[in-house]
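Start counting the sequence shown at 181; every next residue gets the next number (the numbering used here).
Where a beta carbon is used, it is the ideal one built from N, C-alpha and C, also for glycine.
Structure, as structure tokens:
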Amino acid sequence: MSASDELIQQVYDEWREKGFPYYSTDDAWRNQRFEQLMNYKRDVLVDRRSKIIGQTQHGQSLAWSFMEHAWGIQCGKMHTPMDIWNDEEKLKHGISKLLNGVFFPKTLPHKITDSLMRLMLRRVTGTQMVSNFRPTAAAALYDVFVAKDSPLEGTEAGTVWDPSMGYGGRLLGAIAAGVNYIGTDPCIPTYEGLEKIRDNYGHSNKRYELRREGSETYVPPEESLDFVMTSPPYFGWEAYGDEPEQSSIKFDTSEMWKEHFLKQTIANAHVGLKTGKYLALNVANTKQYKTFEEDTVTLAKEVGFEHVDTWWLSLSTQQGKPAVMNLDGELTEPKQKQRYMGEYVRPDIPGKKFEPTFIFKK
């Protein structure tokens, strides 16, 4: 028996009165998530033989709790979760799927949690939320490429630069890994959220330099960096903000963006890195940019880097599953299907999807 219009209206009214289901900002809740991140034994994520980095959700909800604006950032022409929340018809449509058990397990009104509501808002047909780099994956990569404080070995923690900070995944990863961190990002609310993460959870004996500017304008001091790692923005896809410093606003064609943002950022990394150290760029070909991987490698070589390795970031365990039903009852292929592969062939592991993280040596 389907939920009545009256019940759907009741649940809709209750949730609208309650407010958007952001992640908690309670200090105790946040501190618990931080402890979970710090205590996680992430060495199990690193497969050095296959050059694969796994990832978990540890620290992810903590990062999102400082980034409430992210729910309204648009990806291409897709709806944002906030669009769905503010559209009565679409929100009721999603609520009806929860109540009727279509796509989700059938859920009683009082059993609809903030977590379930967030999941529904992300999965309404035509909706996409911006992504965040997993803190555990970032920390694992820092473990591989960056020295740590070790009186026994006589080493001090290295310094990393994150050219496109994003929503805090790599900052939290740096905190978990115990390395010094420099980050650049022009988005004002993102920068403010990152400052709060740093101020609340950064170690007093480490340096965290956050700069509100684009990576193409920041030139690090020569030979000052031990590692550079980021996942750069995808031109014309994620509208992170309307600041004039945003790369997609400064450079209105893909060729200008590639030359004056992506290549310039890579060139700045080459200036700042110590000789023999590494740049890691996590990119993937998409429908909008089908040669992002190949172009990134070409540009890095033009700047003077040597492409010495490729690590693989494990994204999911869904590939190969049968078609699933979306919220509108339409059968679709799993989103995890690997598409737009070019020159760089993924590891052949059933049930997993991978993105390349290209490793370049100065």
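Closest Cα partner of residue i within the set the options
{"i": "Q235", "options": "E486, K532, I539 and A208", "result": "K532"}
{"i": "F283", "options": "M300, Y524 and T293", "result": "M300"}
{"i": "F407", "options": "A357, S230, T339 and G349", "result": "T339"}
{"i": "L479", "options": "F441, K457, Y458 and W209", "result": "F441"}
{"i": "G256", "options": "S230, E194, T307 and I232", "result": "T307"}
{"i": "A460", "options": "T287, S330, F538 and P285", "result": "F538"}
{"i": "L405", "options": "G394, D342, T287 and P331", "result": "D342"}
{"i": "N380", "options": "Q190, T410, N211 and S395", "result": "N211"}
{"i": "W209", "options": "Q240, G358 and D227", "result": "Q240"}
{"i": "Q444", "options": "T455, Y371, K470 and G394", "result": "G394"}
{"i": "L296", "options": "Y203, P530 and K467", "result": "Y203"}
{"i": "N465", "options": "G456, K457, D475 and G382", "result": "D475"}
{"i": "Q468", "options": "H259, L495 and T433", "result": "T433"}
{"i": "E336", "options": "R228, E372 and G358", "result": "G358"}
{"i": "A319", "options": "H383, S330, M258 and I233", "result": "I233"}
{"i": "Y495", "options": "Q254, R228, N312 and D294", "result": "A small fix is needed here, since residue 495 is Leu in this sequence, not Tyr. The residue with the shortest Cα to Cα distance from L495 is N312."}
Buried or exposed by the 16-neighbour rule on C-beta atoms within 10 Å, applied to residue i
{"i": "H238", "result": "buried"}
{"i": "V399", "result": "exposed"}
{"i": "T316", "result": "buried"}
{"i": "S184", "result": "exposed"}
{"i": "L332", "result": "exposed"}
{"i": "A503", "result": "Any reading at A503 must be qualified, since the residue scores a pLDDT of 34, below 50, and its modelled position is unreliable; no value is offered."}
{"i": "E523", "result": "exposed"}
{"i": "M436", "result": "exposed"}
{"i": "P201", "result": "buried"}
{"i": "E194", "result": "exposed"}
{"i": "K291", "result": "exposed"}
{"i": "A354", "result": "buried"}
{"i": "K198", "result": "exposed"}
{"i": "P527", "result": "exposed"}
{"i": "E544", "result": "With the chain represented from 181 up to 542, any question about residue 544 goes unanswered, as that position is not in the structure."}
{"i": "P366", "result": "buried"}
{"i": "S182", "result": "exposed"}
{"i": "K457", "result": "buried"}
{"i": "D385", "result": "It is worth fixing the name first, because residue 385 is Asn in this sequence and not Asp. Exposed: under 16 other Cβ atoms inside 10 Å."}
{"i": "V525", "result": "exposed"}
{"i": "N219", "result": "exposed"}
{"i": "E455", "result": "Contrary to the premise, residue 455 reads as Thr rather than Glu in this sequence. That one is exposed."}
{"i": "E513", "result": "For E513, the pLDDT reaches just 38, beneath the cut-off of 50, and the residue's location in the model is therefore unreliable, although a value from the coordinates is still provided. Burial call: exposed."}
{"i": "T370", "result": "buried"}
Bridge-paired residues (DSSP) for residue i
{"i": "W244", "result": "None; W244 has no bridge partner."}
{"i": "H259", "result": "T307"}
{"i": "G353", "result": "Paired residue(s): none; G353 is not in a bridge."}
{"i": "N462", "result": "T537"}
{"i": "M409", "result": "A460"}
{"i": "Y388", "result": "Y361"}
{"i": "T490", "result": "F538"}
{"i": "L453", "result": "L405"}
{"i": "T339", "result": "N360"}
{"i": "V226", "result": "I233"}
{"i": "S330", "result": "T335"}
Whether residue i touches residue j by CB criterion (8 Å)
{"i": "Y388", "j": "Y347", "result": "no"}
{"i": "M345", "j": "W251", "result": "no"}
{"i": "S493", "j": "F534", "result": "The sequence given here has Leu at residue 493, not Ser. The answer is yes: Cβ separation under 8 Å."}
{"i": "Y413", "j": "V463", "result": "One point to set straight first is that residue 413 is Pro, not Tyr, in the sequence displayed. Not closer than 8 Å, so no."}
{"i": "E473", "j": "P536", "result": "yes"}
{"i": "M262", "j": "L321", "result": "no"}
{"i": "R314", "j": "G363", "result": "no"}
{"i": "L242", "j": "R196", "result": "no"}
{"i": "R392", "j": "I368", "result": "yes"}
{"i": "L187", "j": "L288", "result": "no"}
{"i": "K542", "j": "F485", "result": "yes"}
{"i": "L217", "j": "L352", "result": "yes"}
{"i": "G281", "j": "V304", "result": "no"}
{"i": "T490", "j": "K231", "result": "yes"}
{"i": "Y192", "j": "K270", "result": "no"}
Between the stretch 263-271 and the stretch 211-224, are three or more C-beta pairs nearer than 8 Å? no
How do the stretch 368-386 and the stretch 241-248 stand: do at least 3 beta-carbon pairs fall below 8 Å, yes or no? yes
Check whether the stretch 449-464 touches the stretch 399-408, counting contact only when three or more Cβ pairs, one atom from each stretch, lie closer than 8 Å. yes
For the stretch 287-306 against the stretch 319-327, are there 3 or more C-beta pairs whose distance is under 8 Å? no
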